[in-house]
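The next block holds one structure in the form of structure tokens; read it before the comments.
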Amino acid sequence: MNYDSPYLHPDKEALSREELEALQLQRLQKTVKHCMNSPFYKKRFEEMGLKPEDIKTLDDVRKLPFTTKQDLRDTYPFGIASVPLSECVRLHSSSGTTGNPTVILHTQKDLDEWANAVARCLWMVGLRPDDVFQNSSGYGMFTGGLGFQYGAERLGMLTVPAAAGNTLRQIKFITDFGTTALHAVPSYVTRLYEVMHEKGIDPRKDTKLRVLAIGAEPHSEEQRQRIEQMLGVKAYNSFGMSEMCGPGVAFECKEQNGLHFWEDYYIVEIVNPDTLEPVPDGEIGELVLTTLNREAMPLIRYRTRDLTRVLGRTCPCGRNHVRLDRMRGRSDDMIVLRGVNIFPIQIEKILMQYPELGSNYLITLTTDDDNDNMTVEVEIAEFADDYGMLQNLTKQVTRALKDEILLTPHVKLVPKGSLPVSEGKAVRVVDKRKVYQ
Ligand code: ADP
Ligand code: ZN
Numbered sequence: 018m019n020y021d022s023p024y025l026h027p028d029k030e031a032l033s034r035e036e037l038e039a040l041q042l043q044r045l046q047k048t049v050k051h052c053m054n055s056p057f058y059k060k061r062f063e064e065m066g067l068k069p070e071d072i073k074t075l076d077d078v079r080k081l082p083f084t085t086k087q088d089l090r091d092t093y094p095f096g097i098a099s100v101p102l103s104e105c106v107r108l109h110s111s112s113g114t115t116g117n118p119t120v121i122l123h124t125q126k127d128l129d130e131w132a133n134a135v136a137r138c139l140w141m142v143g144l145r146p147d148d149v150f151q152n153s154s155g156y157g158m159f160t161g162g163l164g165f166q167y168g169a170e171r172l173g174m175l176t177v178p179a180a181a182g183n184t185l186r187q188i189k190f191i192t193d194f195g196t197t198a199l200h201a202v203p204s205y206v207t208r209l210y211e212v213m214h215e216k217g218i219d220p221r222k223d224t225k226l227r228v229l230a231i232g233a234e235p236h237s238e239e240q241r242q243r244i245e246q247m248l249g250v251k252a253y254n255s256f257g258m259s260e261m262c263g264p265g266v267a268f269e270c271k272e273q274n275g276l277h278f279w280e281d282y283y284i285v286e287i288v289n290p291d292t293l294e295p296v297p298d299g300e301i302g303e304l305v306l307t308t309l310n311r312e313a314m315p316l317i318r319y320r321t322r323d324l325t326r327v328l329g330r331t332c333p334c335g336r337n338h339v340r341l342d343r344m345r346g347r348s349d350d351m352i353v354l355r356g357v358n359i360f361p362i363q364i365e366k367i368l369m370q371y372p373e374l375g376s377n378y379l380i381t382l383t384t385d386d387d388n389d390n391m392t393v394e395v396e397i398a399e400f401a402d403d404y405g406m407l408q409n410l411t412k413q414v415t416r417a418l419k420d421e422i423l424l425t426p427h428v429k430l431v432p433k434g435s436l437p438v439s440e441g442k443a444v445r446v447v448d449k450r451k452v453y454q
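Heads up, the sequence shown is in this note's numbering, so the first residue is 18 and it goes up one at a time.
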């Protein structure tokens with residue numbers, strides 16, 4: 018790889034598997050030693066009779082305890098940190114809708130490494146200092162804002178911190194500043210396109226957009242292809258989470274054949290969520306990540322609850338960093354309806370196959386006469402008043418959904434623009450079922 022930026026660690030990006038693993042072992046040993054400065058990990062290691070010297074091979078990572086979101090909550094706010102607070106320069110936190118928010122601390126070095134990781138991702142998909150990068154993420158505690166800001170600046174691009182929402186202003190920036198690259202959550206891109214369309218702007222002709230980074234929420238391959246066609250761009254899947262800094266954990270390369278997880282930054286494991294044993298490559302399991310270069314708050318075997326699988330450990334692009342499939346969703350996003358397990362992404366995949374349908378949809382679960390039911394509302398792409406056509410389409414979609422999820426949902430086609438659009442991550446499921454105690 019012929020890189021001319023000093024920030025991208027080209028040496029790390031092109032490592033062979035053996036070299037990567039040697040680096041991982043060295044960094045894991047250092048991380049475990051460093052974790053002895055964390056009151057939380059020190060206690061946990063001591064309880065298990067584990068010493069840093071016990072980590073002799075990479076496989077010894079399995080001797081280490083898992084860390085969960087609950088651990089972060091129990092030690093809220095600073096109990097997992099491995100450095101004194103005086104060495105930290107930034108704090109991020111998750112939304113905390115279901116309990117104490119989780120707090121992540123960073124030293125200046127952590128922030129530098131984070132920016133390098135994001136810059137590496139953006140460089141990988143062909144962005145260069147002469148690109149104009151617009152970030153439509155929320156700024157503040159949400160890491161998609163500052164994470165992309167610093168990464169894009171580090172790469173040397175003119176970076177526009179447009180922040181979330183205000184679609185008209187967003188479009189004005191895109192056209193006035195000659196934005197070539199945009200970061201957005203996939204559900205918001207559709208909204209952006211619809212408003213452009215209403216205003217008579219053709220993104221293919223009237224803007225310079227060529228690359229999109231889409232992520233922060235699960236989305237289907239079909240959704241990505243729609244986005245690419247609508248805007249005339251290449252859209253790359255971007256994966257991150259606050260606990261692992263934020264964006265920059267994994268990104269697709271130009272091959273678009275899965276997410277490269279940066280293995281010089283993380284040890285990647287996929288485990289069976291019930292037995293916690295590793296699953297073979299290709300099998301779906303829970304993603305578990307160990308940070309390898311964090312100072313303020315290293316996390317050991319963090320259970321992300323995201324479900325995915327290994328696709329491969331080599332790539333035609335030349336990078337050997339493991340490739341994982343797009344996320345199915347988190348284990349807690351799974352809908353269990355009448356004993357059947359369903360991921361919203363399965364429904365999205367079917368809906369996106371109908372060009373007559375828009376991209377915005379909402380799944381509502383209700384209890385009617387003691388039966389649990391699912392209603393799928395989906396916007397139609399264009400105004401339509403041909404009752405026969407709509408009825409026929411409803412039938413077809415219902416049948417296709419039944420084939421996919423094995424239950425018959427109640428499908429409702431609704432007018433374009435009638436379902437709510439959130440500025441951040443889309444809310445796809447509303448559960449109004451009665452809970453029987
Ligand atoms: P919160 O935990 O408050 O949602 P985060 O921004 O930390 O905030 O969310 C990280 C989660 O977002 C991941 O664990 C994953 O479930 C989801 N996510 C992030 N990027 C992607 C992506 N590219 N595809 C699917 N899901 C994603
Ligand atoms: Zn690749």
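Where is the CB? At the ideal position from N, CA and C, for every residue including glycine.
All of these numbers come straight from a predicted model, not from anything done at the bench.
Measuring CA to CA, which of the options is closest to residue i?
| i | options | result |
| --- | --- | --- |
| F268 | C138, G195, L163 and N183 | C138 |
| V285 | H200, K271, F95 and R318 | R318 |
| D403 | Q166, M65 and E373 | E373 |
| H109 | Y58, E63, Q41 and M314 | M314 |
| P101 | L45, T124 and N117 | T124 |
| V393 | H427, D386, L423 and A401 | H427 |
| Y283 | T321, T192 and V106 | T321 |
| I422 | V357, V305, S154 and C332 | V357 |
| L89 | G116, K73, S103 and L67 | G116 |
| L9 | E130, E36 and V296 | This structure gives no information on residue 9, because the portion of the chain shown stretches from 18 to 454. |
| G66 | K73, R445 and P82 | P82 |
| L42 | Q166, E294, R186 and N310 | N310 |
| G275 | C332, P290 and M258 | C332 |
| S348 | V339, L328 and V305 | V305 |
| V447 | T384, L418 and T415 | T384 |
| G168 | M141, V438 and I191 | M141 |
Should residue i be listed as close to the ligand ADP, given that the test is whether its C-beta is under 8 Å from any heavy atom?
| i | result |
| --- | --- |
| N274 | no |
| G346 | yes |
| R322 | yes |
| T160 | yes |
| M369 | no |
| A233 | yes |
| H51 | no |
| N152 | no |
| F256 | yes |
| S33 | no |
| H236 | yes |
| S259 | yes |
Going along the chain, which residues of its own chain have a beta-carbon closer than 8 Å to the beta-carbon of residue i, five neighbours each way excluded?
| i | result |
| --- | --- |
| Q413 | Y371 |
| A398 | P372, E373, L374, G375 and K433 |
| I188 | L209, V212, M213, K216 and I218 |
| A180 | N152, S153, S154, G155, Y156 and G162 |
| P7 | The question about residue 7 has no answer here: the residues shown for the chain are numbered 18 through 454. |
Just to confirm, does residue i get its C-beta within under 8 Å of one of the non-hydrogen atoms of the ligand ZN?
| i | result |
| --- | --- |
| K442 | no |
| G335 | yes |
| C138 | no |
| C262 | no |
| K251 | no |
| K29 | no |
| R464 | Residue 464 is absent from the model: the chain starts at 18 and stops at 454. |
| H109 | no |
| H277 | yes |
| C270 | yes |
| C105 | no |
So is the beta-carbon of residue i under 8 Å away from any non-hydrogen atom of the ligand GTP?
| i | result |
| --- | --- |
| D448 | Because the ligand GTP does not appear in the structure shown, any question about it cannot be addressed here, the ligands present being the ligand ADP and the ligand ZN. |
For residue i, collect the residues of the same chain with a Cβ closer than 6 Å to its Cβ; drop the 5 residues on either side in sequence, then sort them by chain order.
| i | result |
| --- | --- |
| Y210 | M247 |
| F57 | T92, G96 and I97 |
| P94 | V120 |
Just confirm the distance between the C-beta atoms of residue i and residue j, as a whole number of angstroms; I'd bet it's less than 8 Å.
| i | j | result |
| --- | --- | --- |
| A201 | I231 | 6 Å |
| V206 | I244 | 5 Å |
| G143 | K271 | 7 Å |
| P203 | E170 | Actually they are not in contact, since the Cβ atoms of P203 and E170 sit about 24 Å apart, beyond 8 Å. |
| M261 | T308 | 7 Å |
| P264 | F159 | Contact flag wrong, Cβ pair sits at about 10 Å. |
| R355 | D342 | That pair is no contact at about 27 Å. |
Tell me which same chain residues have a C-beta within less than 7 Å of the C-beta of residue i, skipping the five on either side of it?
| i | result |
| --- | --- |
| I71 | The question names Ile, but residue 71 is Asp in the sequence shown. Answer for D71: D77 and K80, listed in chain order. |
| G346 | P235, L324, F360, P361 and I362 |
| Q454 | Low local confidence applies: a pLDDT of 44 at Q454 is under 50, so the model's placement there is unreliable, with the coordinate-based value given in what follows. Result list for Q454: empty, nothing under 7 Å. |
| P13 | Limits of the chain in this structure are 18 at one end and 454 at the other, which puts residue 13 out of reach. |
| S435 | E396 |
| K225 | G195, T196 and T197 |
| C52 | Y58, S99, P315 and I317 |
Can you find a CB in chain C that lies within less than 9 Å of the CB of residue i?
| i | result |
| --- | --- |
| T224 | Annotation note: the requested chain C is absent from the structure, which comprises a single protein chain. |
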